[in-house]
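Chains A and B supply the protein sequences, listed in that same order.
Quick note, my numbering runs 505 ahead of the 1-based positions in the first sequence.
Quick note, my numbering runs 505 ahead of the 1-based positions in the second sequence.
Glycine included, C-beta positions come from ideal geometry on N, C-alpha and C.
Bear in mind that the values here come from a model prediction, so they are computed numbers and not experimental data.
Below: the structure, in structure tokens.
Protein chains: 2
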Amino acid sequence: METLRVALAGRSYPIHIGAGVLDASDLYRPHLGSGRVAVISNPVVAPLYLERVKEALRRAGAPAPVEVLVEDGEQAKSWGALERVFDALLGARLGRDSTIVALGGGVVGDLGGFAAALYQRGIAFLQVPTTLLAQVDSAVGGKTAVNHPRGKNMIGAFHQPAAVLADIGALTTLPERELRAGIAEVIKHGLALDAALVDWLEANLDALLAREAGALTHTVRRSCELKAQVVAEDERESGRRALLNLGHTFGHAIEAGAGYGTWLHGEAVAAGMVMAAELSVRAGLLAASDAARVRRLVGRAGLPVTGPAMAAERYLELMALDKKAARGRVRYILLERIGSALVRADLDERLVRDAIAAASPPAAAAAAR
Amino acid sequence: METLRVALAGRSYPIHIGAGVLDASDLYRPHLGSGRVAVISNPVVAPLYLERVKEALRRAGAPAPVEVLVEDGEQAKSWGALERVFDALLGARLGRDSTIVALGGGVVGDLGGFAAALYQRGIAFLQVPTTLLAQVDSAVGGKTAVNHPRGKNMIGAFHQPAAVLADIGALTTLPERELRAGIAEVIKHGLALDAALVDWLEANLDALLAREAGALTHTVRRSCELKAQVVAEDERESGRRALLNLGHTFGHAIEAGAGYGTWLHGEAVAAGMVMAAELSVRAGLLAASDAARVRRLVGRAGLPVTGPAMAAERYLELMALDKKAARGRVRYILLERIGSALVRADLDERLVRDAIAAASPPAAAAAAR
């Protein structure tokens, strides 16, 4: 097991990475406080890992946690699901000294963390991510939210977990499509912050797709290191943290436009990164050969290199409401080279349309131009 | 005009108190940022003050704010009302650089502040309290929430305003019943923290009920001073701030038991303080003569000195879910003397029943014992 720390003064917390950490009662115990525990999960993850987590909690002194299962998939990041979690917690009379354990992927983590942020004005929570996407990205950093029909993650809070238990062993049961979706966020970390990680991915993608333990561990550790550093510098995303949204402005438009749950978040981010790279080239920032390198790596990971058949108009409409927009202008995260991103808000709309077309299916591309 | 400050490191903010502060565009301007503005109010307050606030905002460089009116009364602190606020803000495409202005009493402030806490993971907000209760208590300190059928303020967040504009002039239009409800929280501040304020209230209650400007100003200023100090010491209510919940454990049970909106919050707190004083006597902490003094002051303010005709059983049931409960034990805020409160969790249930009976209508009292 390896342990990293997210350094946030009074709210610093550990990220434990390794095979079997979800069974380690010692890792739960320091964070359970005096109250009761609720485990939030979903019907896909619970049959695989809930009993093991309950056994660890029992040994940590928290028998009989309240169990709340929410729908599988992005649809669960809803106002209604959140309300059902509150009903369950209040129904079981959980007090302000309780702890939520979020056991699952990014959706369960975002929803469980958001419930913890709001329940009785904030209780503690532990992230036990079971997908690659959650382990390398969403479980770290305290962003929690639900979606709104008008945009993704529109209603949310910053609420840091008390600890993250990233069990590499859980990745063995992950469906292939979700493994690939997680790799999208790893590629994002490399493209935005760390050229060496991109080199490593290009060299080790096959080992990663084959789920070799060493490759998985390196991937999760390096991603968490990069993310922990950025979050420690800029918890509330007033600056540098925004770079981690590379591919997300386009990606959120894809998710909302296609209907939540149609595209996996990581798939939408993958196509979004190709668009961001194309836009970077058109903005005179990135070499065309580097955009080709992005597209090649995304494609090799089995991720989409084009968005859905959606009109450029619709992208622009959805992106105008993006949280990163300021004074009505969309702020794009672009690449100046592999491993270095920046924010630009003053882009000609024609360049954006061109970039969307360059990463759209042929028919949609023709219509977009 | 007088200005106090709530000292919270990076999130310190001013409280401006005086007649006409809601017209002062200079007091809004520093807090509006670069984005747009939404004013949240209700159909009772809006006809009286919305145009004046809009005029001040216009002069501060924010013409045409989005206007959202929520229901009058405690019923508006609901999940549904919150959702309607989000729909309006997203419908008008307000970005993360927007500001919410909460114009109204405690309900509008709690709801508007909670919406600001969650909208796009948190935007700025200004409190423009128009009731005595909001000016002396709820607009200061960053507690925001909605109610849940199972308990008051169960879903919420700590989110400090950027400024509080407490216009004493607005208190001239306040219905008599609401003025008295506000006085309950002033009495609370005195009983819990400041014997001199209790002496002052006993000497000046008639001037306060007659809404003399000097009496109103003293009341708001002194209450804000006390509250600002406590909030600066203990923003998240891990210690001393809990003393400000004097009367609230019983009071929340009264509000929930009677149905939200039947009792005004201040009325429920008033009867709750009498119960807390009676319980303090029974716990051997407070002289019976001091409990009588509490009851007399509450009664002179035209506030209820007994709760509704509700069984003690029902109080205990509702209080067991109180946010201040820890490890399933209700934590009571008691008085050791006038001006000094403390927290006790180890009370014999019979004493609690007795205290409820001592401040219940005759029939309910007989049933409770």
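| Asked | Found |
| --- | --- |
| A:Gln-734 (DSSP reduced to helix, strand or coil) | helix |
| Opening and closing residue of the beta strand (DSSP E) in which A:Glu-572 lies | 571-574 |
| Under 9 Å from the C-beta of B:Gly-627: neighbouring residues of chain A | Gly-661, Ala-662, Phe-663, Arg-741 |
| For B:Leu-769, the nearest candidate out of B:Leu-513, B:Thr-604, B:Gly-523, B:Val-612 (CA to CA) | B:Val-612 |
| Residues that A:Tyr-837 bridges to, as DSSP identifies them | A:Arg-849 |
| B:Leu-537: first and last residue of the uninterrupted beta strand (DSSP E) it sits in | Note, B:Leu-537: premise wrong, no beta strand (DSSP E); not H, not E. |
| A:Ala-773 to B:Gly-614 span [Cα, whole Å] | 38 Å |
| Backbone CA spacing between B:Gly-540 and A:Thr-767 [nearest angstrom] | 33 Å |
| Residue-level contact to chain B via CB, A:Ala-712, 8 Å cutoff | no |
| Given B:Gly-647 as reference, the closest of B:Val-810, B:Leu-856, B:Ala-860, B:Arg-516 once Cα atoms are compared | B:Arg-516 |
| In chain order, each alpha helix (DSSP H) run of at least 4 residues that lies wholly inside the segment 765-797 of chain A | 770-787 |
| B:Arg-855, buried or exposed, once every other Cβ within 10 Å from all chains shown has been counted against 16 | exposed |
| Closer than 8 Å to chain A by CB, B:Tyr-624 | yes |
| C-beta neighbour in chain B for A:Arg-805, strict 8 Å | no |
| Inter-stretch contact at 8 Å, needing at least 3 Cβ pairs: the segment 619-636 of chain A / the segment 600-609 of chain A | yes |
| 8 Å Cβ cutoff, B:Lys-828 in contact with chain A | yes |
| Under 8 Å by beta carbon: chain A residues contacting B:Leu-595 | His-653, Arg-655, Gly-656, Met-659, Leu-826 |
| The segment 800-813 of chain B in contact with the segment 739-748 of chain B per 3-pair CB rule at 8 Å | no |
| Contact check, B:Leu-706 vs B:Val-691, beta carbons under 8 Å | yes |
| C-beta atoms of B:Leu-616 and B:Leu-527 nearer than 8 Å | no |
| Cβ pair B:Ala-514, A:Arg-626 closer than 8 Å | no |
| Neighbour flag for A:Phe-591 against chain B, beta carbons, 8 Å | yes |
| B:Tyr-820: first and last residue of the uninterrupted alpha helix (DSSP H) it sits in | 817-824 |
| Continuous beta strand (DSSP E) stretch holding B:Gly-656: start and end | 656-663 |
| Contact list for the segment 577-589 of chain B against chain A, Cβ threshold 8 Å | Trp-584, Glu-588 |
| Below-8 Å beta-carbon distance, B:Ala-650 vs any chain D residue | As a matter of chain content, chain D is missing from the structure shown, whose protein chains are A and B. |
| Cβ-Cβ separation, A:Ser-530 to A:Ala-879 (assumed contact under 8 Å), whole Å | This structure gives no information on residue 879 of chain A, because the portion of chain A shown stretches from 506 to 874. |
| Residue from B:Leu-679, B:Phe-755, B:Glu-760, B:Arg-598 whose Cα sits closest to the Cα of B:Leu-638 | B:Leu-679 |
| Alpha helix (DSSP H) segment containing B:Ala-607, residue limits | Run containing B:Ala-607: none in the alpha helix (DSSP H); it sits in the beta strand (DSSP E), 604-609. |
| CB of B:Ile-673 within 8 Å of CB of B:Leu-721, strictly | yes |
| Cutoff 8 Å; reference A:Ala-850; Cβ partners in own chain excluding five residues on either side | Ala-831, Arg-834, Val-835, Arg-836, Tyr-837 |
| Rounded C-alpha distance that separates B:Leu-623 from B:Ala-797 | 44 Å |
| Opposing strand residues paired with A:Gln-632 [DSSP bridges] | A:Ala-607, A:Val-669 |
| Proximity to A:Arg-571 [Cα-Cα], best of A:Ala-758, A:Gly-762, A:Asp-592, A:Ala-817 | First, the residue type needs correcting, since residue 571 of chain A is Val and not Arg in the sequence shown. Nearest C-alpha to A:Val-571: A:Asp-592. |
| A:Ile-861 to A:Gly-656 span [Cα, whole Å] | 19 Å |
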